[in-house]
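Undergrad: Residue numbers (the working numbering), protein chains in the order written: chain R, 1 to 194; chain X, 1 to 194.
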DNA sequence: AAAAAAAATTAATGTACCTTAAGAGTATTA
DNA sequence: TAATACTCTTAAGGTACATTAATTTTTTTT
């Protein structure tokens with residue numbers, strides 16, 4: 001399978017591209033392979049790339065000075081991921097991105113993305129849609145974090161992201177929903193969840 | 001002051017528009033005045049408009065079946081606001097939007113926004129930027145909610161949004177940072193905050 | 001200006017979730 | 001295959017925050 005098939009079908013949901021446009025777009029992409037536990041982005045370093053997952057699983061997490069991890073997001077095949085804060089503001093990143101398992105990804109640099117926007121305005125539409133959907137996801141998460149107790153946040157995570165729930169550890173899910181692994185364990189025990 | 005001055009300067013930060021484009025864009029806008037406590041959007045109803053605040057203050061909040069309020073966002077002059085989930089998915093809205101004080105806003109319907117995107121692609125860029133910044137805001141909020149205790153979330157809110165903090169009640173701030181008004185009160189007492 | 005309603009505060013009690021610690025299970029490395 | 005490390009679980013004790021309720025202060029309505 002060609003390394004660009006998945007990303008082109010991802011974009012194809014929203015845009016129709018000519019052969020020339022495809023060639024221009026793919027010329028900006030770089031293939032990157034990472035092994036389990038490898039860092040794709042280190043907190044505090046610049047984040048001038050956005051990544052698309054061909055396969056595997058990534059996890060983005062913020063680390064406090066006290067060493068507390070908060071999982072910002074997971075990404076599996078067909079997902080886009082970056083430290084959107086650092087990427088947007090050309091600021092030191094506020095999260096680590098690490099490989100939960102061996103993964104293959106395509107990277108696009110910020111300057112290349114800007115030239116893509118300039119030369120092919122339809123990519124503005126694509127990223128508008130991408131950003132809008134990401135905004136929706138994050139706002140739903142905020143609402144759920146504010147309004148639901150931990151057991152319901154856990155159930156919601158598993159039902160919303162069953163593929164991710166299969167691939168990542170309970171500890172990582174706990175740090176996404178905002179509880180300790182120990183407490184998630186008691187939640188699951190009460191639910192009769194094996 | 002013309003009702004379109006503020007929105008044009010808001011857009012002008014990112015786009016240059018011709019007189020014709022301005023005329024086309026403003027022809028899609030409707031001026032709306034709401035008085036304090038008036039509902040701009042009722043939860044469960046369709047949300048097919050996006051709003052821009054000329055002046056005043058709005059608050060978006062989600063209401064659970066148990067009657068618990070969670071403030072999703074505030075908006076003051078020069079801010080855009082809508083139920084982005086319902087707007088994007090043409091679904092019943094998941095929040096109320098209400099006037100904290102008398103406010104003047106401009107509304108743009110979803111069909112009009114789509115025709116704007118079709119006819120003037122530079123508006124795709126503008127909304128891409130808008131959505132991207134909103135995504136950044138929400139992601140930062142998620143990280144802070146996960147990693148910081150309530151007193152720090154309160155301090156951060158006040159330092160980040162001093163104008164909003166002046167206009168809204170403590171109860172509303174409490175429901176934004178995810179604590180009860182009573183607990184926010186004890187936080188403030190401990191800080192010697194009058 | 002009086003009356004009513006809502007916001008803010010304080011305090012007592014309660015609980016969801018955290019911390020610490022230890023042991024069992026599972027995966028990774030030598 | 002053994003050794004090491006990490007995840008998951010269980011349980012005791014602790015704390016941040018919620019709930020309830022009463023009082024004061026501020027805002028809104030009449």
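We put the beta carbon where it would ideally sit given N, CA and C, even for glycine.
When Cβ atoms are compared, which residues of the region 125-143 of chain R fall closer than 8 Å to chain X?
TA: So the list reads 125, 127, 128, 131, 132, 133, 134, 135, 136, 138, 139, 140, 141, 142 and 143, given in the order they occur along the chain.
Undergrad: Report back the beta-carbon spacing between residue 94/R and residue 81/R to the nearest angstrom; my notes put them in contact at under 8 Å.
TA: Within the first chain, residue 94/R is the residue found at index 94, counting from 1. Within the first chain, residue 81/R is the residue found at index 81, counting from 1. Their Cβ separation, rounded to whole angstroms, is 14 Å, which puts residue 94/R and residue 81/R out of contact at 8 Å.
Undergrad: Which chain X residues sit within Cβ distance under 9 Å of residue 161/R?
TA: Here residue 161/R refers to the residue found at position 161 of the first chain. None at all; the shortest Cβ gap to chain X is about 15 Å.
Undergrad: Among 87/X, 172/X, 147/X and 175/X, which one has its Cα closest to the Cα of residue 198/R?
TA: Nothing can be reported for residue 198/R: it is not among the residues displayed for chain R, which extend from 1 to 194.
Undergrad: Buried or exposed for residue 142/X, going by 16 or more other Cβ atoms inside 10 Å?
TA: To locate residue 142/X, count along the second chain from 1; it is residue 142. Its Cβ being crowded by 16 or more others within 10 Å, residue 142/X is buried.
Undergrad: Any beta carbon of chain R sitting closer than 7 Å to that of residue 12/X?
TA: Indexing the second chain from 1 puts residue 12/X at position 12. Not one chain R Cβ lies under 7 Å of residue 12/X.
Undergrad: Please identify the residue among 88/R, 163/R and 17/R whose C-alpha is closest to the C-alpha of residue 132/X.
TA: What you label residue 132/X is simply residue 132 of the second chain in a count that begins at 1. Checking every option, the nearest Cα to that of residue 132/X belongs to 88/R.
Undergrad: Does the pairing of the region 101-113 of chain X with the region 48-55 of chain X give three or more beta-carbon distances under 8 Å?
TA: Judged by Cβ distances under 8 Å, the region 101-113 of chain X makes contact with the region 48-55 of chain X, as three or more pairs qualify.
Undergrad: Under 8 Å between beta-carbons, which chain X residues line up against residue 54/R? List them in chain order, please.
TA: The residue you call residue 54/R lines up with position 54 of the first chain. The premise fails here: residue 54/R is roughly 23 Å from chain X at the closest Cβ pair, so nothing lies under 8 Å.
Undergrad: Run through chain R and tell me which residues come within less than 9 Å of residue 72/X, C-beta to C-beta.
TA: Here residue 72/X refers to the residue found at position 72 when the second chain is read from its first residue. Those within 9 Å of residue 72/X in chain R are 139, 142, 143 and 146.
Undergrad: Output yes or no for whether 7 Å exceeds the beta carbon distance between residue 108/X and residue 28/X.
TA: Position 108 of the second chain, counting from 1, holds the residue named residue 108/X. Position 28 of the second chain, counting from 1, holds the residue named residue 28/X. Cβ distance < 7 Å, so residue 108/X and residue 28/X count as in contact.
Undergrad: Which parts of the region 101-159 of chain X are runs of the alpha helix (DSSP H), unbroken and 4 residues or longer, counting only runs that do not cross its ends?
TA: Whole alpha helix (DSSP H) segments, 4+ residues: 110-119 and 122-147.
Undergrad: Count the other CB atoms within 10 Å of the CB of residue 192/R; is the residue buried (16 or more) or exposed (fewer)?
TA: One-based indexing of the first chain puts residue 192/R at position 192. By the neighbour-count rule (16 or more Cβ atoms within 10 Å), residue 192/R is not buried but exposed.
Undergrad: Would you please state the rounded distance, in angstroms, between the beta carbons of residue 37/X and residue 91/X? I believe it to be under 8 Å.
TA: Taking the first residue of the second chain as 1, we reach residue 37/X at position 37. Taking the first residue of the second chain as 1, we reach residue 91/X at position 91. With 8 Å as the limit, residue 37/X and residue 91/X do not qualify as a contact, their Cβ atoms being about 26 Å apart.
Undergrad: Should residue 20/R and residue 172/R be called a contact, given that it needs their Cβ atoms to be closer than 7 Å?
TA: Numbered from its first residue, the first chain carries residue 20/R at position 20. Numbered from its first residue, the first chain carries residue 172/R at position 172. It is not a contact, given that the beta carbons lie outside the stated cut-off.
Undergrad: Should residue 13/X go down as buried or exposed, given a rule of 16 or more other Cβ atoms within 10 Å for buried?
TA: Counted from its first residue, the second chain places residue 13/X at position 13. Result: exposed.
Undergrad: Tell me, which residues are paired with residue 34/R by DSSP?
TA: Translated into positions along the first chain, residue 34/R becomes position 34. Answer is 103/R, bridged to residue 34/R.
Undergrad: Could you work out which residue in 187/R, 68/R and 120/R is closest to residue 15/R when comparing CA atoms only?
TA: Here the question's residue 15/R lines up with position 15 in the first chain. Checked all of 187/R, 68/R and 120/R; the closest Cα to residue 15/R is 120/R.
Undergrad: What residue range does the beta strand (DSSP E) around residue 60/R cover?
TA: Within the first chain, residue 60/R is the residue found at index 60, counting from 1. Element bounds for residue 60/R: 49-63.
Undergrad: Would you list the residues sitting across from residue 17/R in a DSSP beta bridge?
TA: Within the first chain, the letter at position 17 stands for residue 17/R. Answer by DSSP bridge pairing: none, since residue 17/R is not bridged.
Undergrad: Using a Cβ-Cβ cut-off of 8 Å (strictly less than) and excluding sequence neighbours within five positions of residue 168/X, which residues of its own chain qualify?
TA: Residue 168/X sits at position 168 when you count from the first residue of the second chain. Correct list, in chain order: 57, 59, 74 and 100.
Undergrad: Please list the residues of the region 58-87 of chain X that have a C-beta atom closer than 7 Å to any C-beta atom in chain R, keeping them in chain order.
TA: The region 58-87 of chain X vs chain R, Cβ under 7 Å: 62, 64, 68, 70, 72, 84 and 85.
Undergrad: Keeping to the same chain, check which residues put their C-beta closer than 7 Å to that of residue 55/X; ignore five residues upstream and five downstream.
TA: Translated into positions along the second chain, residue 55/X becomes position 55. So the list reads 77, 103 and 104, once near-sequence residues are dropped.
Undergrad: When the distance is taken between beta carbons, is residue 185/X closer than 7 Å to residue 69/X?
TA: As a first step, residue 69/X is located in the second chain; it is residue number 69 there, counting from the start. As a first step, residue 185/X is located in the second chain; it is residue number 185 there, counting from the start. For residue 69/X and residue 185/X, no; Cβs fall outside 7 Å.
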